[in-house]
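These notes are about the structure you will find just below.
In the UniProt record's numbering, the protein residues as written are 1 to 721.
Have a look at this one:
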């Protein structure tokens with residue numbers, strides 16, 4: 001279930017020119033973990049399921065208890081046994097894993113720095129020092145010979161913590177105070193701290209159990225933040241805090257009572273208005289307040305309606321609204337500030353059937369539209385009067401482009417990011433008056449043999465069973481011989497309307513340089529091909545996501561890119577659900593499958609509204625309290641459909657503190673797979689006992705699990721170095 005960090009979603013792998021002819025399976029000599037069975041009867045809609053591993057679920061109270069009870073001890077014992085099995089089964093790859101890790105990390109510039117962003121007289125940036133696993137967040141006055149101010153020293157702050165993650169950072173309007181969030185557990189429950197940037201002193205103010213960021217009113221002393229339901233972790237309240245007071249004195253300015261919604265707070269680009277947004281899968285609602293009057297009354301822009309989605313920004317005398325009102329692929333409208341209801345909305349960029357409108361950036365003289373057509377992103381630039389309407393040109397067959405960090409209204413300069421499967425992540429500035437552009441920075445790849453021209457990317461289309469054309473973006477090293485012996489890793493996500501972008505990854509070079517093809521299947525459930533693409537991959541059409549991925553795999557085999565003996569699949573979170581689905585539906589198509597933090601126990605999770613994130617996902621998966629959705633979920637739920645049959649080699653990863661896909665889902669799943677599968681293929685689980693959904697927090701630490709994942713694939717291919 002649930003989303004996953006974009007940096008973790010883009011899997012990259014390694015592969016060497018040296019293959020082994022060994023076919024033995026040394027792990028067969030290792031005792032296989034076996035979980036105890038405690039049958040639990042689960043009945044609804046006159047249908048009964050027997051869950052032998054329900055006992056693996058622990059409450060937060062049990063996990064946090066100083067003295068573990070008997071059940072907790074049993075769970076920890078089982079997780080440790082699985083981890084021990086993995087260590088033994090992969091022990092012969094330990095040196096290879098270390099080499100892979102070093103190879104990946106060695107490509108990364110250790111003393112790197114972000115492109116500075118100028119705002120209110122200061123230039124803000126982050127940088128890494130040699131050997132540092134965490135960033136330093138800095139600023140300088142925009143003046144000649146200005147000295148650097150280190151606002152947050154990540155390496156110092158993270159000392160002594162096994163996990164340390166920064167949330168949002170927000171500087172007060174007078175540039176004097178910094179609010180920042182910290183999570184040291186990996187449950188995404190942040191504590192907001194405050195630092196006086198003039199003196200370097202921390203304030204006594206601390207805001208606990210927050211969403212991680214704070215939004216300042218224009219007075220420089222009042223700010224707004226979200227808190228979470230302590231059990232479900234739903235962001236359900238917006239509070240107002242005044243510097244120098246205790247959190248217990250903070251006033252709740254908004255509480256979202258509908259448990260299918262979550263809420264957040266932010267400021268418009270103009271900094272004239274504060275916004276509270278309430279979000280659900282199929283509906284949104286916004287409230288606004290003059291940022292100069294933080295004690296004023298919030299006003300609703302447009303009351304919520306089922307099926308009506310909109311988002312808001314401000315420019316001059318109007319709010320500009322991206323909405324699906326009468327526009328499946330969304331459109332841009334504007335409305336006077338004093339007349340905000342939908343009856344007053346006037347089209348600025350009308351709806352188009354063949355173009356998905358993703359968002360906008362507003363400038364004094366220019367309107368910039370981010371769009372998607374034929375599955376690829378586009379940036380459209382125009383004057384407010386509609387003249388000089390044009391698109392920025394991109395040449396790669398598959399790529400990613402998006403505007404970024406455009407904080408200034410009165411400028412002709414647009415900053416945007418660009419990447420492709422062969423082009424490292426780049427930051428550019430585009431002059432909207434002259435159409436000239438400047439490359440500010442391109443991700444450094446510290447590999448003397450790396451040249452963009454050494455690799456080739458393609459955009460292909462597989463045909464699904466119902467005739468739908470499924471885009472596939474792929475990349476490989478030039479000169480690669482395509483045949484049934486070529487290994488190929490196929491990735492997809494396919495949920496929440498999230499798009500899987502064909503971006504560059506330096507760690508993927510290790511995969512490509514050793515003869516792998518890397519491919520992305522843009523399956524339904526994402527939004528790559530427009531809103532219909534999403535609608536046809538959710539709820540009672542969710543199986544399209546699974547069959548699209550299977551059909552993409554078959555297409556790549558039929559086109560001679562690989563064979564089932566050398567085809568691998570990867571997905572994480574909701575993409576892990578996809579992996580569970582394709583394992584049950586087409587186990588013979590894959591030689592190996594990696595399921596990262598997989599959402600696999602669909603029915604039990606969606607029936608339990610105390611589990612974080614469940615309630616506001618009913619419109620994504622359906623509510624199994626409704627028999628129609630229950631029956632459909634049961635037909636594809638990976639955990640409920642494990643059978644006594646042969647499965648391919650499988651690696652499962654999870655985190656004990658995961659708040660999005662609780663650890664017990666993959667733990668139960670692997671136990672059931674071990675119980676029923678009829679093959680002798682490798683089945684392993686890596687449960688990180690210190691982390692949650694996004695994995696390790698350090699800059700380099702995450703690559704240790706990546707090295708394990710790569711070693712798993714390479715070992716199956718007989719790759720030893």
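For every residue, glycine included, the Cβ atom is placed at its ideal position computed from N, Cα and C.
- Counting only unbroken stretches of 4 or more residues, the alpha helix (DSSP H) elements lying wholly within the segment 60-138 are 60-64, 70-89 and 94-106, in sequence order.
- With a cutoff of 8 Å on beta-carbon distance, residue 711 and residue 87 are scored as not near each other.
- Remark: three or more beta-carbon pairs, one from each stretch, lie closer than 8 Å, so the segment 644-652 and the segment 585-598 are flagged as touching.
- Distance between residue 52 and residue 611, taken at the CA atoms: about 20 Å.
- By the C-beta density criterion, residue 704 is buried, having at least 16 other C-beta atoms within 10 angstroms.
- Close CB contacts of residue 396 within its chain, under the 6 Å cut and outside five residues either way in sequence, are with 420 (chain order).
- The criterion of a C-beta distance shorter than 8 Å is not satisfied by residue 551 and residue 667.
- Under the DSSP definition of a beta bridge, residue 179 partners with 170 and 194.
- DSSP places residue 205 inside the beta strand (DSSP E), whose first and last residues are 202-216.
- Relative to the Cα of residue 343, the nearest Cα in the group 109, 69, 321 and 215 belongs to 321.
- By a beta-carbon distance limit of 8 Å, residue 241 contacts residue 225. Their separation comes to about 7 Å.
- Beta bridge pairing from DSSP links residue 322 with 311 and 332.
- DSSP places residue 715 within a helical segment (H, G or I) once states are collapsed to three.
- In this structure, DSSP gives residue 239 an extended state, which the three-state scheme calls strand.
- Residue range 413-420 is occupied by the beta strand (DSSP E) that includes residue 419.
- A Cβ-Cβ contact shorter than 8 Å links residue 210 with residue 190.
- DSSP places residue 494 in no alpha helix (DSSP H); its state is neither H nor E.
- In the DSSP assignment, residue 668 falls within the unbroken alpha helix (DSSP H) covering 664-676.
- Residue 501 is positioned such that its CB atom lies closer than 8 Å to that of residue 400.
- In terms of CA proximity to residue 259, 616 leads the group 700, 329, 54 and 616.
- The Cβ atoms of residue 355 and residue 432 do not sit closer than 8 Å to each other.
- DSSP, read as helix, strand or coil, puts residue 585 in helix.
- Annotation for residue 618: 260, 281 and 606 place their beta carbon closer than 8 Å to its own, counting only its chain and skipping 5 residues before and after.
- Residue 473 is classed as buried because its beta carbon has at least 16 other beta carbons within 10 Å across all chains shown.
- If you ignore the 5 residues before and after residue 173, its C-beta comes within less than 7 Å of the C-beta of 216, 218 and 220, all in its own chain and listed in chain order.
- In the three-state DSSP reduction, residue 154 falls in the helix class (H, G or I).
- Nearest to residue 151 by alpha-carbon distance, out of 197, 245 and 165, is 197.
- Under the DSSP assignment, residue 531 falls in the alpha helix (DSSP H) whose first and last residues are 531-535.
- In the DSSP annotation of this structure, residue 592 is not part of any alpha helix (DSSP H); the continuous beta strand (DSSP E) holding it starts and ends at 592-596.
- Residue state for residue 224 is assigned as strand, using DSSP reduced to three classes.
- With contact defined as three or more Cβ pairs closer than 8 Å, the segment 551-570 and the segment 526-536 are not in contact.
- In this structure, the alpha-carbon of residue 701 lies about 46 Å from that of residue 297.
- Rounded to the nearest whole angstrom, the C-alpha separation of residue 309 and residue 283 is 5 Å.
- Only residues of its own chain outside the window of five on either side were considered, and among them 509 have a CB closer than 7 Å to the CB of residue 450, listed in chain order.
- Within the same chain, and ignoring the five residues on either side of residue 707 in sequence, the residues whose Cβ sits closer than 6 Å to its Cβ are 97, 100 and 101.
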